[in-house]
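Going left to right, the sequence shown walks through residues 86 to 390 as my numbering numbers them. Quick reminder that beta carbons are idealized off the backbone N, C-alpha and C, glycines included. From a predicted model like this one, the values you see are computed outputs, not experimental measurements.
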Amino acid sequence: MRVFGAAETAAALPFPALVAALRAGFAAGAAEVPDRHVHALPGGATLLLKPAWDAAWLGTKVVTVHPANAGAGLPAVHALYVLQESATGRPAALLDGDELTARRTAAVSALAASLLAPAGASRMLLCGAGRVGRLLPFAMRSALPGLAQVEVWSPSGASAKALARELDASGFRASAVRDLEAASRRADVLSCATLAREPVLRGAWLRPGQHLDLVGAFTAAMREADGEAVARAAVFVDTEAAIGTCGELPAGSLVRGTLAALCRGEAGRRAADEVTLFKSVGTALSDLAAAALAVAGGDPAPRSG
86 MRVFGAAETA
96 AALPFPALVA
106 ALRAGFAAGA
116 AEVPDRHVHA
126 LPGGATLLLK
136 PAWDAAWLGT
146 KVVTVHPANA
156 GAGLPAVHAL
166 YVLQESATGR
176 PAALLDGDEL
186 TARRTAAVSA
196 LAASLLAPAG
206 ASRMLLCGAG
216 RVGRLLPFAM
226 RSALPGLAQV
236 EVWSPSGASA
246 KALARELDAS
256 GFRASAVRDL
266 EAASRRADVL
276 SCATLAREPV
286 LRGAWLRPGQ
296 HLDLVGAFTA
306 AMREADGEAV
316 ARAAVFVDTE
326 AAIGTCGELP
336 AGSLVRGTLA
346 ALCRGEAGRR
356 AADEVTLFKS
366 VGTALSDLAA
376 AALAVAGGDP
386 APRSG
């Protein structure tokens, strides 16, 4: 069994190959993705088990949430990913689940943007400078070749400035911004990876043709865009499970399509001046595709059973 630490997991999942692997996985729709298992642990902790499998691989993400860790200076969430051969159950790999999750989350956003963003998109607004936010510009650049300029906003201006300096050193024209409305109007792609409980982006700030990418809100009490932004946009989701899960899309919300439909060409942008919105909450299919890519050595071609 191969063991991938955080650095090895990152190196095994370069964004161009990861976006390609995700596109193949969503288009094929061959994976079984049952509901996640949730178990209460002593001391207010939680155990989450997120399985998925196809003809080649069986994968399980094991996630623990220990809120009390904050008092010890430790992250509250830790994750491991176990990959086994479907036919035999033989263990194939153990991967760092935190790194795998962050990279596949950014890559899913990039995949959706490659199918929805306006032609020639060159300017990105990034809201949030956390683990996923730091990866989003690199993932987006792998899917949108014209992307060159990134403006960064975060509730902490210091973190936005620090990330902008890092991005600038990595070949972007990057800067931190405080005027979120003005930056929103300038951007071609607006990407949010925050833990906001009140809207960060507002529909009144949008202009025709933009693409919104909402990553952060994963409960009904969280939201990154207001109702006007959602009403103005053609809405797409990673899976139908996003509906009723996040604050932007309460139960009963209508969406134009899922990421699988986008990848199969069954749905998409209908006009150049249309505002598009992609909302992801995460799916075990993405984890499985990423882990399979890692053990394949970066070859996004699906393995036969």
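Quiz prompt | With 16 other Cβ atoms within 10 Å as the buried cut-off, status of Thr304 | solution = Only exposed fits Thr304, as fewer than 16 other CB atoms lie within 10 angstroms of its CB.
Practice problem: Measure the C-alpha to C-alpha separation of Ala197 and Phe223 and round it to an integer number of angstroms. | Solution: Ala197 and Phe223 have their alpha carbons spaced roughly 14 Å apart.
Quiz item: Alpha carbon to alpha carbon, how far is Asp311 from Ser199?
Solution: Approximately 24 Å, taken between the alpha carbons.
Practice problem: Specify the secondary structure class of Asp372 as computed by DSSP and reduced to three states. | Solution: Of the three classes helix, strand and coil, the one that applies to Asp372 here is helix, per DSSP.
Self-check item: His124 versus Val147: straight-line alpha-carbon distance, rounded
Solution: Inter-residue distance for His124 and Val147 is about 11 Å (C-alpha atoms, whole angstroms).
Quiz prompt | Cβ distance (whole Å) where Val237 is taken to contact Leu221 below 8 Å | solution = With a contact defined as Cβ atoms closer than 8 Å, Val237 and Leu221 miss out at about 10 Å.
Self-check item: Neighbour-count burial assignment, Thr145, 16 or more Cβ in a 10 Å radius
Solution: Flag for Thr145 reads buried.
Self-check item: Rounded C-alpha distance that separates Val162 from His151
Solution: Here the alpha carbons of His151 and Val162 stand approximately 6 Å from one another.
Quiz prompt | Same chain, Cβ closer than 8 Å to Ala319, neighbours up to 5 away in sequence not counted | solution = Result list for Ala319: Arg341, Arg354, Arg355, Glu359, Val360, Thr361 and Leu362, in chain order.
Practice problem: Check whether the Cβ atoms of Phe111 and Leu370 lie closer than 9 Å to each other. | Solution: Yes, these two residues count as a Cβ contact at 9 Å.
Quiz prompt | Euclidean distance between Cα positions of Asn154 and Thr186 | solution = Distance between Asn154 and Thr186, taken at the CA atoms: about 20 Å.
Quiz item: Which full runs of the beta strand (DSSP E) of 3+ residues lie inside the region 113-197, going along the chain?
Solution: With a minimum length of 3 residues, the continuous beta strand (DSSP E) runs that stay inside the region 113-197 are 122-125, 131-138, 142-150, 162-170 and 176-181.
Quiz item: Any heavy atom of the ligand PLP within a distance shorter than 8 Å of the CB on Arg292?
Solution: This structure does not include the ligand PLP; it has no bound ligands of any sort.
Self-check item: Contact belief for Gly213 with Cys277 at Cβ below 8 Å, rounded distance in angstroms
Solution: Between Gly213 and Cys277 a beta carbon distance of about 6 Å is seen, short of the 8 Å cut, so the two are scored as contacting.
Quiz item: Does the distance from the CB of Leu297 to the CB of Ala314 come in under 9 Å?
Solution: Taking 9 Å as the Cβ cut-off, Leu297 and Ala314 qualify as a contacting pair.
Practice problem: Would you mind giving the Cβ-Cβ distance between Arg87 and Val285, rounded to the nearest angstrom? I have them listed as a contact below 8 Å. | Solution: Their Cβ separation, rounded to whole angstroms, is 40 Å, which puts Arg87 and Val285 out of contact at 8 Å.
Quiz item: Can at least three beta-carbon pairs, one atom from the region 238-245 and one from the region 167-187, be found at a separation below 8 Å?
Solution: Contact between the region 238-245 and the region 167-187 is not established, with fewer than three Cβ pairs separated by less than 8 Å.
Exercise. From the DSSP output, in three-state form, read off Val315 for me.
Key: Residue state for Val315 is assigned as helix, using DSSP reduced to three classes.
Quiz item: When DSSP labels each residue in this structure, what does Phe89 get in the three-state scheme?
Solution: The answer is strand: DSSP assigns Phe89 an E or B state.
Quiz prompt | Closest by C-alpha distance to Gly205, when choosing among Glu266, Glu251 and Met225 | solution = The option with the nearest alpha carbon to Gly205 is Met225.
Quiz item: Shortest alpha-carbon distance to Gln169 belongs to which of Ala306, Trp142, Ala113 and Arg308?
Solution: The shortest C-alpha separation from Gln169 is found at Trp142.
Quiz item: Tell me the DSSP bridge mates of Ala259?
Solution: Residue pairing by DSSP places Ala259 opposite Val235 in a beta bridge.
Self-check item: Segment limits, alpha helix (DSSP H) that includes Met209
Solution: Per DSSP, Met209 lies in no alpha helix (DSSP H) segment; the continuous beta strand (DSSP E) that holds it begins and ends at Arg208 to Cys212.
Self-check item: Under the three-state DSSP convention, the category Phe363 falls into
Solution: Three-state result, Phe363: strand.
Self-check item: Residue nearest to Asp264 in terms of C-alpha spacing, selected from Trp290, Ala377 and Arg258
Solution: The residue with the shortest Cα to Cα distance from Asp264 is Trp290.
Quiz prompt | Whether Arg282 touches Gly215 by CB criterion (9 Å) | solution = No, the Cβ-Cβ distance between Arg282 and Gly215 is not below 9 Å.
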